[in-house]
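Engineer: Quick note on the numbering used here: the sequence shown kicks off at 5 and runs consecutively. C-beta atoms are modelled at their ideal positions from N, C-alpha and C, and glycine is treated no differently. Here you go, one structure.
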Amino acid sequence: MRERKADHIDICVKERIAPDHNYWNDIKLVHEALPEVDYDDIDTSTVFLGRRLELPFMVTAITGGFPGAKRINANIAEACSRMGVGMGVGSQRAALHDIDVDSYTVINDFEVPLKVANLGAPQLISQPGKEPFTDEELAQAREMIGAHVLAIHLNYLQEVVQPEGDKRSVGCFERIRDIARSHPIMVKETGAGISKATAQRLKGIGVRALDVSGMGGTSFSAVEMHRARKAQDRIRERIGETFFDWGIPAPASLCMARVGLPLVASGGIEDGLQAAKALVLGADLAGTANSVLKEAMVSADAVEAKLQEMAEELRVAMMLTGCRQLKQLPDRDHIVTGPTRDWIQRE
Ligand SMILES: Cc1cc2nc3c(=O)[nH]c(=O)nc-3n(C[C@H](O)[C@H](O)[C@H](O)COP(=O)(O)O)c2cc1C
């Protein structure tokens, strides 16, 4: 498991793991030539799930569970605490097996205003040779990092592409329903998006928030393709390539997932203008993972600089669309072009 985690990081920083088309670029915000807003008065603060953030951003789950992960999570946590933005840790499956627990708990050394624990949906049910997480383990994952919410990630694209994947899924939805009775749950995808019907089903069972994590950014099919190539597993490599851009484009998934729950938009968000577009389309927060990963391997200052840049771009987008506060962004005049328009028109 440690080796796989380290491989993921290595592949994500070195290889091509996102489709060439960034779907956020299909959204254009209409310029407001007379904004009647003073730049210095722009307020980017928000409240998400009862937590006050200085910016509508979060760094979504990346890592944990191997020795190098501690420094990455420490750098992200320090930057997030300085900037007042949310952070998720990577899947805590390793920590529940007592592996590199401090690579997750390091987040507790910093005042991160929104901390999100993380476990995978496939591990909520039994898999061949593997027991599902118990209720005690779920509580332990939250307590370990003092999490405000527990993210359950949906990653069946990755599970079916990787040779060692957990490929059973029957019973997952029922188990999420059980868990949502006793834990505040956010359900997140991992790069393939959430459809309207699934968003509605999840709302119906008491899930508190969704992170759509749509297609257009990190592709776990691509990540597994690179792993398979290294292992000289030709069939898996080919499957990973075939499903490289499988999924619902992130902006389209965001529109589909507007079912009345707090929403994180992620999947290919690389700058503050794209974050502004996500907020115009109805997101409460913009999430990013891979676009801070290289920085997270360097220092907290490097992550902070990237978040500062995104914050400044968001402010510029707010000024140029005439918004002093975030609550003015939803439904600002915009046009949708390219393949994203085809997806959204279907709605
Ligand atoms: C190296 C790496 C590891 C990840 N590990 C997890 C994980 O353990 N749990 C999870 O929910 N998502 C994980 N993700 C998915 C991200 O949280 C996010 O949903 C996805 O990468 C899309 O965002 P992006 O395009 O900004 O990278 C990981 C992403 C990366 C790049």
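1) So, using beta-carbon positions, are Leu57 and Leu289 closer together than 9 Å?
2) Pick helix, strand or coil for Val110, following the three-state DSSP scheme.
3) Return yes when the C-beta of Glu193 is under 8 Å from any heavy atom of ligand 1, and no when it is not.
4) Starting from the C-beta of Leu265, find all residues in its chain whose C-beta is less than 8 Å away, skip the five residues before and the five after it, and write them out in chain order.
5) Helix, strand or coil for Ala83 per DSSP?
6) Could you pull out every unbroken alpha helix (DSSP H) segment of at least 4 residues lying fully inside the segment 243 to 281, listed in chain order?
7) Can you grab the Cα-Cα spacing for the pair Leu324 / His338, in whole Å?
8) Are the CB atoms of Leu277 and Leu318 nearer to each other than 9 Å?
9) In three-state DSSP terms, what is Ala293?
10) Taking the CB atoms as reference points, tell me whether Ser4 and Ala10 lie closer together than 9 Å.
11) Nearest-angstrom Cα distance between Gly221 and Ile273?
12) Which complete beta strand (DSSP E) runs does the segment 36 to 105 hold, if anything under 3 residues is left out?
13) With DSSP collapsed to three states, give me the class of Ala235.
14) Would you please state the rounded distance, in angstroms, between the beta carbons of Gly251 and Gly197? I believe it to be under 8 Å.
15) Following a CB-centred definition, is Gly72 positioned closer than 8 Å to any heavy atom of ligand 1?
16) List in chain order: all unbroken alpha helix (DSSP H) runs of 4+ residues lying wholly within the segment 296 to 328.
17) I'd like the list of long-range same chain contacts for Ile209, defined as Cβ closer than 8 Å, with 5 residues on each side in sequence excluded.
18) Here's the rule I'm using: 16 or more other beta-carbon atoms within 10 Å means buried, otherwise exposed. How should Glu147 be labelled?
19) Excluding sequence positions up to five away, which residues of its chain have a Cβ less than 8 Å from the Cβ of Ser303?
20) Write down the C-beta distance between Asn122 and Gly94 rounded to the nearest angstrom, noting that I regard them as a contact closer than 8 Å.
21) Given a cut-off of 9 Å on the beta-carbon distance, is the pair Leu118 and Gly90 in contact?
22) Return yes when the C-beta of Cys327 is under 8 Å from any heavy atom of ligand 1, and no when it is not.
23) Among Glu141, Lys74, Gly54, Pro253, which residue has its Cα nearest to the Cα of Gly124?
24) Quickly, what does DSSP pair Asn122 with across the bridge? List them, please.
25) Which residues in the same chain have their Cβ closer than 7 Å to the Cβ of Arg86, if we skip the five residues on either side of it in sequence?
26) Less than 8 Å separating the Cβ of Met176 from some heavy atom of ligand 1?
27) Using the rule of at least 16 other Cβ atoms within 10 Å of the residue's Cβ for burial, across every protein chain shown, is Pro126 buried or exposed?
28) With DSSP as the reference, label Ile149 as helix, strand or coil.
Structural biologist: In short, the structure shows the following:
1) The answer is yes: Cβ separation under 9 Å.
2) Of the three classes helix, strand and coil, the one that applies to Val110 here is helix, per DSSP.
3) Yes; taking the cut-off as 8 Å, the Cβ of Glu193 has a heavy atom of ligand 1 nearer than that.
4) Cβ neighbours of Leu265 within its own chain (closer than 8 Å, five residues either side excluded): Ala203, Leu206, Lys207, Val211, Arg212, Ala213, Leu214.
5) Residue state, collapsed to three classes: helix.
6) Taking only runs of at least 4 residues, the alpha helix (DSSP H) segments lying wholly in the segment 243 to 281 are 254 to 260.
7) When rounded, the distance between both Cα atoms is 12 Å.
8) Yes. Within cutoff.
9) Three-state result, Ala293: coil.
10) An answer regarding residue 4 cannot be provided, because it is not within the stretch 5 to 351 covered by the chain.
11) Computed Cα separation, rounded: 7 Å.
12) Taken in chain order, the whole beta strand (DSSP E) runs of length 3 or more contained in the segment 36 to 105 are 50 to 52, 55 to 57, 61 to 63, 90 to 92.
13) If DSSP states are grouped into helix, strand and coil, Ala235 belongs with coil.
14) Between Gly251 and Gly197 the beta-carbon gap is near 5 Å, inside 8 Å, which marks them as a contact.
15) Because no heavy atom of ligand 1 lies under 8 Å away, the Cβ of Gly72 does not count as near it: no.
16) Within the segment 296 to 328, the complete alpha helix (DSSP H) runs of at least 4 residues fall at 304 to 324.
17) Around Ile209: Phe177, Ile180, Arg181, Ala184.
18) Exposed.
19) Same-chain partners within the cutoff: Asn79.
20) With a Cβ gap of about 6 Å, Asn122 and Gly94 count as contacting.
21) Going by beta carbons, Leu118 and Gly90 fall inside the 9 Å limit.
22) No; taking the cut-off as 8 Å, the Cβ of Cys327 has no heavy atom of ligand 1 nearer than that.
23) The shortest C-alpha separation from Gly124 is found at Glu141.
24) Under DSSP, Asn122 forms a beta bridge with Ala155.
25) Answer for Arg86: Glu308, listed in chain order.
26) One detail in the question is off: residue 176 reads as Cys in this sequence, not Met. Relative to ligand 1, the beta carbon of Cys176 is positioned no closer than 8 Å to any heavy atom.
27) Under this definition Pro126 is a buried residue.
28) Looking at Ile149 - three-state DSSP - the assignment turns out to be helix.
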